[in-house]
Amino acid sequence: MNTSSHIAIDDSQVVPFLDIHELFMAFNQLYFEQELDRVTVEWSKRMTLCAGLCECCVFNNSCRIKLSQPLLSLRPITDLVDTLLHECIHAYLFMTNSITDHDAHGSNFIYHMNRINQDAGSHITIYHSFIDEVEYYRQHHWQCTQCNWVIKRAMNRPPSCRDPWWDGHQRGCGGKFYKVKQPSKRNASPKMLPLESYFQKINKNKC
């Protein structure tokens, strides 16, 4: 596998959404032998608990990578790069070895993680959870009138019998939840900018 090209990222920038499709195509060529041609990548406005997700379909041998627009919009571009590469590894393992268990970051995943980190200068890790950013988007709060338990959610979905803990809370407390906080209106997302504004490919000759 040819991984002689290095990606230099301007870490002073925060993601105001670059063309992730161009970024993905560059990574496919540089680090994944063009094995990801049946993989798509897209932003998700609804993902607020994890930064990235790779959904694989065994019926047509394809994958869809979803990146969290809410979480990654608060992070440096290097975190976007690491997250995308992480999900690309999952897609690559599926396309080449039919590995579909994305919760298991076994030896194959770690091998490619280390390979790309060395060649790309990236910092891919087994997990990518941004605790502060996840908490930032949990701005819908409900509080119990009896025990004062506060439920925080990113979506405007009040606590109800659909929650697995609901029956236990009703038996042990019996209080009702009322909303105590909700987010203010947010500004529209910035316009997507071209990939060249953020990174450049630099050829690196190996010793």
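Per my numbering, the very first residue in the sequence shown carries number 35; after that it's consecutive.
Built from N, CA and C at the ideal position, the CB exists for glycine as well.
Residue range of the alpha helix (DSSP H) that includes residue i
| i | result |
| --- | --- |
| W77 | Element bounds for W77: not the alpha helix (DSSP H) but the beta strand (DSSP E), V73 to S78. |
| F93 | Taken as a continuous stretch (DSSP letters only), F93 belongs to no alpha helix (DSSP H), as it is neither H nor E. |
| C207 | It is not in any alpha helix (DSSP H) - C207 carries neither H nor E in the DSSP assignment. |
| C122 | I111 to N131 |
| Q177 | Counting along the chain, Q177 falls outside any alpha helix (DSSP H), though it belongs to the beta strand (DSSP E) covering H174 to C178. |
| H146 | S141 to A154 |
| M59 | I54 to Y65 |
Where the beta strand (DSSP E) through residue i begins and ends
| i | result |
| --- | --- |
| C97 | S96 to S102 |
| I185 | V184 to R187 |
Whole-angstrom C-beta distance between residue j and residue i, which should lie under 8 Å
| i | j | result |
| --- | --- | --- |
| L52 | A125 | 20 Å between Cβ atoms; not a contact. |
| T112 | H157 | 7 Å |
| C207 | Q180 | 5 Å |
| L119 | F61 | 6 Å |
| F211 | P193 | 5 Å |
Selected residue, minimal CA-CA separation from residue i, among the options
| i | options | result |
| --- | --- | --- |
| C97 | F128, D116, D197 and I185 | F128 |
| C88 | N95, K100, N94 and R80 | K100 |
| H174 | D153, S218, C207 and H146 | S218 |
| C122 | H55, F211, D201 and N190 | H55 |
| I144 | I133, T159, N131 and T130 | T159 |
| V75 | F66, G86 and Q68 | G86 |
| K213 | R191, C84 and Y65 | R191 |
| C84 | Y161, W200, D201 and C195 | Y161 |
| I133 | H203, C90 and S107 | C90 |
| Q216 | H139, R72, G202 and M189 | M189 |
| T130 | P198, G209, V92 and R205 | V92 |
| N94 | G140, V73, Y65 and H146 | V73 |
| F66 | R205, R109 and R149 | R149 |
| H146 | P110, L64 and L57 | L64 |
Item checked: Three or more C-beta pairs below 8 Å linking the stretch 75-86 and the stretch 100-110 -> yes
Check: Quick check: the stretch 142-160 against the stretch 180-194, are there 3 or more CB pairs under 8 Å?
Finding: no
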